[in-house]
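Per my numbering: the sequence shown ends with 190, consecutive numbering throughout.
First comes the structure, then the notes that go with it.
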Amino acid sequence: MEWYAITTRSRHEKQVDSFLSERGIETFLPLVHTLSRRRDRKKYVDLPLFPGYMFVCTDKERLFDIKFTRGVTRIIGTDIDAPTPIPEKQILDLKSIAESEVQLDQYAYLKKGRAVRVKAGPLKGLEGILVERKGHYKLVIRIDLLQKGAAAEVFISDIDPI
């Protein structure tokens, strides 16, 4: 069983998540709780952290079923015929951040930066890249295959360099 990234039709992530869960396939759709502003009202909604993408944990034999699920456009990989699995540590780190009470934001993919490990707080034990934005520090977790990242705010006193 390995994790794979799939792309979905625009704004169909939650529906595809439901379809795949009904088939007994383990899915992971990281969501961000965001304030939506309309002309006449404001309300909080859960939007995908990576719009158009979600993750599935399955073996290679079930990939055919996933590929032809309504709303799925493709399984991401470096080769058209062979989807590329995502390292489990990247998914587990992303799950840890998503399940914590920390505000989660999408962040540009980073290749360089200071690698750090969180030593205290709700994100204890996670490793990522430390960045600073407007006087606040963020821990960025990378998903290499998608070339995307997720950032969570951390206190500078809670981190150690690796």
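Idealized CB from N, CA, C, for every residue including glycine.
Owing to the predicted nature of the structure, the values given are computational and were not obtained by experimental measurement.
Neighbour-count burial assignment, Glu41, 16 or more Cβ in a 10 Å radius: buried
Proximal residues to Tyr72 (C-beta, below 8 Å), its chain only, five neighbours per side dropped: His61, Thr62, Leu63 and Ser64
Backbone CA spacing between Cys85 and Lys162 [nearest angstrom]: Our two residues, Cys85 and Lys162, have alpha carbons roughly 37 Å apart in a direct line.
Buried versus exposed call for Ala148 [16 or more other C-beta atoms within 10 Å across all chains shown]: Ala148 should be labelled exposed.
DSSP three-state assignment for Ser38, whether helix, strand or coil: Coil, per DSSP.
Residue of Lys117, Met29, Val44 and Val182 minimising C-alpha distance to Val130: With distances taken between Cα atoms, Val130 lies closest to Val182.
CB contact flag (Phe56, Gly99, <8 Å): Their beta carbons are not under 8 Å apart, which means Phe56 does not touch Gly99 by this criterion.
Phe56 (DSSP reduced to helix, strand or coil): strand
CA nearest to the CA of Ala126, picked from Thr106, Pro150, Ala33 and Leu173: Pro150
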